[in-house]
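A.B. asks: Have a look at the structure that comes next, please.
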Amino acid sequence: MPGAAAAADLAPHELRILVAVDRERGFSAAARALGLTQSAVSHSVRGTERKVGAVLFERGRKGATPTAAGAAAAAHARRILRLLEALAAEARGAERGTVAGPLRIAAFRSAALHLLPPVLERLAARHPGIEPEVRVVRELGAGVAGEVAEGRADVGIATLGAAPPAAAGLIGDVLVEDPYRLVHPAGHPAPRSLPLVDWHENCGSATRRWWAGQDWIPKATVLAEDDGAVLSMVSSGLGMAIMPALSLDGAPEGVETAALGPEPPTRTVGYVTTPELAATTPVRALIRELRAARR
């Protein structure tokens with residue numbers, strides 16, 4: 290009978306095949322990516338399903354779609370495979386007395402542009418053997434925290450909403466409370482009369498509730514792709530925007546900002562990681578630098 294004992298017999302190569310099928314959305318594509326035959330991939334997935342005791346993929350003409358069980362299994366598989374990589378890197382580092390190895394970081398755009406670079410510069414100076422890989426992730430849906438929970442990133446720089454990281458099985462801490470400001474074309478005599486330029490990632494539900502109580506804020510007439518596009522449009526005189534301070538670092542000429550009042554809304558920016566990866570030396574080193582930067 291399938292169960293915990295059978296699932297514990299899963300081998301790393303079975304996990305890699307599971308992850309590849311999830312990523313490629315097909316057995317043939319996964320086989321090509323791994324240099325295996327399609328029959329070998331299919332046989333491995335059937336064996337994994339027997340051990341787990343659940344159907345992991347819906348097979349069809351358009352490929353393989355993960356079931357809810359398959360999506361959960363793939364997330365765990367990615368995290369387990371990452372821990373195996375960390376095991377080898379930690380062992381080599383302990384032998385040599387160094388901190389080294391890959392470090393996968395997910396961050397939303399303005400954090401990647403303005404918060405991370407000085408942190409990574411100090412990290413490289415102290416630990417040149419760490420190899421950071423930064424990927425920009427849109428803060429929509431599961432967002433940055435979802436990338437960490439699903440095993441695609443070791444650490445995420447995320448906006449922390451009403452639900453604590455623990456709700457997603459993660460741990461983390463606050464780095465900065467990022468206040469919002471009114472952004473408008475320089476010298477405009479009545480910036481609040483301008484149309485609103487916005488982008489979908491701009492803020493979470495708490496800030497939107499604040500917006501709903503401000504009768505001077507119109508519905509956005511322009512929705513841009515990201516905060517950089519919003520700033521470009523505002524500097525061209527196309528409207529005003531309400532943006533967090535982190536997005537305003539390096540704002541173009543032609544833009545001015547103003548306070549939103551005595552109690553402006555803020556977004557909470559912090560880091561998230563998994564409990565198991567939090568113990569690895571590259572992640573611990575990055576967290577130390579992130580905490581030092583907030584002081």
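Under the numbering used here, the sequence shown is numbered contiguously, ending at residue 584. Cβ coordinates follow ideal geometry from the N, Cα and C atoms, glycine included. Being a predicted model, the structure only gives us computed values, none of them experimental.
#1: Cutting at 7 Å between CB atoms, please list the residues of its own chain near residue 343, excluding the five before and the five after it.
#2: Consult DSSP for residue 555 and reduce its assignment to one of helix, strand or coil.
#3: Does residue 495 pass the burial test, meaning 16 or more other C-beta atoms within 10 Å, or should it be called exposed?
#4: Check residue 337 in the structure and name its three-state DSSP category.
#5: Using DSSP with H/G/I as helix, E/B as strand and the rest coil, what is residue 424?
#6: Determine the closest residue to residue 466 out of 527, 444 and 404, with distance taken between C-alpha atoms.
#7: With a threshold of 8 Å, are at least 3 pairs of Cβ atoms found where one atom belongs to the region 331-349 and the other to the region 372-380?
#8: For the putative contact between residue 330 and residue 306, defined by C-beta atoms under 8 Å, what is the C-beta separation to the nearest angstrom?
#9: Tell me the residue span of the beta strand (DSSP E) that contains residue 466.
#10: Three-state secondary structure (DSSP) at residue 314?
#11: Between which residues of its own chain and residue 520 is the CB-CB distance below 8 Å, once the five residues before and five after are set aside?
#12: What residue ranges within the region 473-498 form continuous beta strand (DSSP E) runs of no fewer than 3 residues, ordered along the chain?
#13: How many Å lie between residue 436 and residue 482 at the Cα?
#14: Quick one: grab the DSSP three-state call for residue 565.
#15: Just mark residue 416 as buried or exposed, buried being the case when its beta carbon has 16 or more other beta carbons within 10 Å.
#16: Find the nearest neighbour of residue 469 within the set 516, 351 and 443, judged by alpha-carbon distance.
C.D. replies: Judging by the given coordinates:
#1: By one-based count along the sequence shown, residue 343 stands at place 54. Cβ within range, chain order: 358.
#2: Sequence index remark: in the sequence shown, residue 555 carries index 266 (1-based). If DSSP states are grouped into helix, strand and coil, residue 555 belongs with the strands.
#3: The residue you call residue 495 lines up with position 206 of the sequence shown. Exposed: under 16 other Cβ atoms inside 10 Å.
#4: Along the sequence shown, one-based indexing puts residue 337 at 48. Note: residue 337 maps to helix in three-state DSSP.
#5: One-based indexing of the sequence shown puts residue 424 at position 135. In the structure shown, residue 424 sits in a strand (DSSP, three-state: E or B).
#6: The count along the sequence shown starts at 1 and reaches residue 466 at position 177. Of the listed residues, the one whose Cα sits closest to residue 466 is 404.
#7: No, the region 331-349 does not touch the region 372-380.
#8: Position 41 of the sequence shown, counting from 1, holds the residue named residue 330. Position 17 of the sequence shown, counting from 1, holds the residue named residue 306. Indeed they touch by this definition, with Cβ atoms about 6 Å apart.
#9: Here residue 466 is taken as the residue at index 177 of the sequence shown, counted from 1. Per DSSP, residue 466 belongs to the beta strand (DSSP E) from 460-474.
#10: Numbered from its first residue, the sequence shown carries residue 314 at position 25. Three-state result, residue 314: coil.
#11: Counted from its first residue, the sequence shown places residue 520 at position 231. For residue 520, where only same-chain residues beyond five positions count, the Cβ hits under 8 Å are 472, 530, 532, 536, 537, 540, 541 and 544.
#12: 485-488
#13: For the purposes of this step, residue 436 is taken as the residue at position 147 of the sequence shown. For the purposes of this step, residue 482 is taken as the residue at position 193 of the sequence shown. Straight-line Cα distance between these residues: approximately 39 Å.
#14: Sequence index remark: in the sequence shown, residue 565 carries index 276 (1-based). Reduced to three states, the DSSP call for residue 565 is coil.
#15: For the purposes of this step, residue 416 is identified with residue 127 of the sequence shown, where counting begins at 1. So residue 416 counts as buried.
#16: Along the sequence shown, one-based indexing puts residue 469 at 180. Looking at the Cα atoms, 516 is the closest of the given residues.
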